[in-house]
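Enquirer: One structure follows; several queries about it will come next.
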Amino acid sequence: MDIGELVEWAHRYDGYARLAATPDALTELLDPARRAWLDTGGIPDWCGVDLLRGWMFWLARADYFGGSDPDEWAALAVALSRHPDAQPADRPPVPRGVDPDGAVRILVWNTAWARPGSAADQWLVNQKPEGADVVVLAEACIDVVASWGGHVVDAGNDWGYRTSKDRRKVLLWSPRPWRDVQTGSTDSTRGRLVRGVTDTTAGPVTVVGVCVPWRMAHVASGRKDAAPWQEHERFLREFRDLLSNEDGERPLLLAGDFNQTIPASRAPKALSDLLIECLSGAKVLTSGYKAEVRLLNHVAILHGTDLKLEETLIVPAAQGQRRLSDHDLVEVKLQATLR
């Protein structure tokens, strides 16, 4: 995120003259609000306009003397833009990738290895909402998203089967760059999990995209060394451990092909219970929805108390009578609310 315009704008408010006479006094005044920000990742709702403007002035000075946090700038820009007492002169320029209305649009689908130019590819292009913030695709060819522009990260092309130059078990797309990217590093998560941070219209979010092994993974194909559901269970146990290490610094979106319905329909109870344990503390935005086929694509949110569900759409992946995938598409819209 380019913060240059915000830094210039923030200097128009003299925090030393308006709030505190010295840098140390201003730092002390802002300390409770900044502690709340560092603890929760959200701007406290008790902050007034002057305090927010003084905070941005302080951040501009910090940027000049040693650097500043783009996430903090984005959160302050949204908070001031949406503050009910802010006058036009108090509203900052909105950084690219941040929308003061705060709607976040996420799309999730298993493309069934759709090729560029295929009917499924064209259908996906038509379904992608204008202004989509994050698209998570499972079993996808990377060339399918090449024409979209934007930025793509993926889990790699090795998940224990024959590798392919362009096939990915899971990839993440965003119109804005990804950072802090990590991929699965164990036998069960390699090629099936990718994590990254991107800026959305409501500020920065962490996204974890997954393609959980189906029940017959590596049973009769691939390594041929697993029992039914064994790879599925291994992945979920490692996924649970990974999520337990998330620090809650920003909203965390979990999305992809989980190869289970929620609530469970066919999975062994022990594994449906394990999936629920993995998602404990998260709000599953696709739980209980009906689909023309079993709904295996899901979206859940963790550490996102300032993002509220506005709409969940389940779109049948069909063109007339022809099925384009054995997974229906999921589109979720979230709305940001000031903490």
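Numbering (our numbering), first residue to last: 6 to 344.
We put the beta carbon where it would ideally sit given N, CA and C, even for glycine.
In this text the structure is predicted, and so the values were computed from the model without any measurement.
Which complete alpha helix (DSSP H) runs does the region 9 to 51 hold, if anything under 4 residues is left out?
Expert: Runs of the alpha helix (DSSP H) inside the region 9 to 51: 9 to 15, 20 to 23 and 28 to 45.
Enquirer: Can you tell me whether M6 is helix, strand or coil according to DSSP?
Expert: Here the model assigns M6 a pLDDT of 48, short of 50, so the residue's position is not dependable, and the following value carries that caveat. The answer is coil: DSSP assigns M6 none of H, G, I, E or B.
Enquirer: Which full runs of the alpha helix (DSSP H) of 4+ residues lie inside the region 255 to 326, going along the chain?
Expert: Counting whole runs of 4 or more residues, the region 255 to 326 contains the alpha helix (DSSP H) stretches 274 to 283.
Enquirer: According to DSSP, P209 sits in a beta bridge with which residue or residues?
Expert: P209 pairs with D204.
Enquirer: Tell me whether A65 sits in a helix, a strand or coil according to DSSP, three-state version.
Expert: In the structure shown, A65 sits in a helix (DSSP, three-state: H, G or I).
Enquirer: Report the CB separation of G201 from R195 in whole angstroms; it is logged as a contact under 8 Å.
Expert: Not quite, the Cβ-Cβ distance comes to about 16 Å (not below 8 Å), so this is no contact.
Enquirer: Are there three or more Cβ pairs, one per stretch, closer than 8 Å when the region 127 to 138 is compared with the region 237 to 256?
Expert: No: the two stretches stay apart, fewer than three of their Cβ pairs being nearer than 8 Å.
Enquirer: Can you grab the Cα-Cα spacing for the pair V320 / K295, in whole Å?
Expert: Roughly 10 Å separates the two Cα atoms.
Enquirer: Looking at C-alpha atoms only, which residue of G165, F70, R167 and R173 is the closest neighbour of V150?
Expert: For the residues G165, F70, R167 and R173, the minimum Cα distance to V150 belongs to R173.
Enquirer: Hey, quick one: how far does the alpha helix (DSSP H) through V130 stretch, first residue to last?
Expert: Taken as a continuous stretch (DSSP letters only), the alpha helix (DSSP H) holding V130 covers A124 to Q132.
Enquirer: Considering only DSSP beta bridges, list what I111 is partnered with.
Expert: Beta-bridge pairing links I111 to V139 and V337.
Enquirer: How would you call Y18, buried or exposed, if buried means at least 16 neighbouring beta carbons within 10 angstroms?
Expert: When all chains shown are included, Y18 counts as buried.
Enquirer: Check the C-beta distance from E238 over to L279 and give it rounded, since I have them as a contact under 8 Å.
Expert: Confirmed, about 7 Å.
Enquirer: For V54, name the three-state secondary structure that DSSP assigns.
Expert: DSSP places V54 in helix when its eight states are reduced to three.
Enquirer: Comparing C-alpha positions only, which one of A91, P180, A207 and H156 sits nearest to P134?
Expert: Minimum Cα distance to P134 is reached at P180.
Enquirer: Closer than 8 Å by C-beta to V158: which residues in its own chain qualify, once you throw out the five before and the five after it? Chain order, please.
Expert: L176, L177, W183, V186, V199 and G201.
Enquirer: Among residues of its own chain, excluding the 5 on either side of R39, which ones have a beta-carbon nearer than 8 Å to its beta-carbon?
Expert: Only W60 meet the Cβ criterion.
Enquirer: Return the first residue and the last residue of the alpha helix (DSSP H) that W78 is part of.
Expert: Element bounds for W78: P75 to R87.
Enquirer: F70: buried (16+ other C-beta within 10 angstroms of its C-beta) or exposed?
Expert: Classification of F70: exposed, given that the 10 Å Cβ count is below 16.
Enquirer: Counting Cβ pairs closer than 8 Å, one from the region 298 to 306 and one from the region 250 to 269, do we hit at least three?
Expert: The answer is yes - the region 250 to 269 touches the region 298 to 306, with three or more Cβ pairs under 8 Å.
Enquirer: Under the three-state reduction of DSSP, which class applies to G154: helix, strand or coil?
Expert: The answer is coil: DSSP assigns G154 none of H, G, I, E or B.
Enquirer: Tell me which residues share the same chain as I8 and place their Cβ nearer than 8 Å to its Cβ, disregarding the 5 neighbours each side in the sequence.
Expert: Closer than 8 Å at the Cβ level, and outside the excluded window around I8, lie D68, S73, P75, W78 and P100.
Enquirer: Which residues in the same chain as A84 place their Cβ atom closer than 8 Å to its Cβ, once the five residues preceding and following it in sequence are excluded?
Expert: These residues qualify, in order along the chain: I48, C52, L57 and L343.
Enquirer: Does the distance from the CB of P218 to the CB of E236 come in under 9 Å?
Expert: Against a cut-off of 9 Å, the Cβ pair of E236 and P218 comes out as a contact.
Enquirer: Should A119 be labelled buried (16 or more other beta-carbon atoms within 10 Å of its own) or exposed?
Expert: Buried.
Enquirer: Do A137 and L329 have their C-beta atoms closer together than 9 Å?
Expert: In this structure, L329 does not lie closer than 9 Å to A137 by Cβ.
Enquirer: Within its chain, find whatever has a CB closer than 7 Å to the CB of R245; leave out the 5 residues flanking it on each side and keep chain order.
Expert: Answer for R245: E282 and C283, listed in chain order.
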